[in-house]
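S.K.: In my numbering, the protein residues as written are 713 to 1001. Have a look at this one before I ask anything.
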Ligand code: SF4
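As structure tokens, then:
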């Protein structure tokens, strides 16, 4: 906790990159020292970092077809689909796999569940690259459930397997499970929500209860940051900010206790920049008094 002129800034202990993102960024930076590295999609869901990485020769491309022959391709922490994997092998690229080990685990679980069951449900955001990667391992037996309302539309199944996107909200996951069990006689559930995601969700809840303003810092395109923000709004006044430029000082508006929490792909430097902006604001106010 940091006290500034009777205002408190409470920064979450788990702010900054998660281990999977840290690992992927380090692997990419090391590889880029040898030459240009292409990533399929942005390395992480944070535009500030992606722009910095671009300057280091780490180039995101949306379509594998746009990667020049003979290039080095890095698979980001979210992983890729089976068909993308086949394509990069077919094109003969030098491949560096930085898929997070916890995402790899979800891949293996999905493969095994699809061998065992004809219906496998992946609870997560259908359009998220990680979920597309997991779904592609379900061998045609998979379906994504994003919201509890979708469960009532499902037909009853004799048996089913279930797993989650690694960054899914734990409370929502268990609510969906509680409805899915009504649809089947046999259900095998793997809680594949990453422990680091759970820790952040728990910490966010604790901080939100102690502050009158919570800044959730991370890319607007970051799924886990959006979930943290959604959760924060349920408890307190909250803003989702990408960086210090996107943090409007007017947000402080009579706030006395300011909490800061980040998504898994937010560098700690962004938090420090925002904290400095808050401190400068209070310092200027004190000088004026
Ligand atoms: S949130 Fe968890 S699963 Fe996702 S990249 Fe980070 S450590 Fe890996």
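For every residue, glycine included, the Cβ atom is placed at its ideal position computed from N, Cα and C.
Among 960, 947, 810, 825, which has the Cα closest to the Cα of residue 919?
M.R.: Of the candidates 960, 947, 810, 825, 947 places its Cα closest to the Cα of residue 919.
S.K.: Do the CB positions of residue 916 and residue 943 come within less than 8 angstroms of each other?
M.R.: yes
S.K.: Quick one: what's residue 950 bridged to in DSSP?
M.R.: 926
S.K.: Just list the residues that DSSP pairs residue 972 with in beta bridges.
M.R.: 723, 927
S.K.: Might you give, ordered along the chain, the residues of its own chain that have their beta carbon closer than 6 angstroms to the beta carbon of residue 773, omitting 5 neighbours on each side?
M.R.: 750, 779
S.K.: Just grab the DSSP bridge partners of residue 786 for me.
M.R.: In the DSSP output, where bridge partners are listed per residue, residue 786 has 751, 808.
S.K.: Quick check: the region 855 to 874 against the region 894 to 911, are there 3 or more CB pairs under 8 angstroms?
M.R.: yes
S.K.: Which of the three DSSP states is assigned to residue 774 in this structure?
M.R.: coil
S.K.: Per DSSP, which one or two residues make a beta bridge with residue 873?
M.R.: 832, 900
S.K.: According to DSSP, simplified to helix, strand and coil, what is residue 854?
M.R.: strand
S.K.: For residue 958, which three-state DSSP category applies?
M.R.: coil
S.K.: Within a Cβ cutoff of 8 angstroms, which residues of the same chain sit near residue 766, ignoring the five residues on either side of it in sequence?
M.R.: 772
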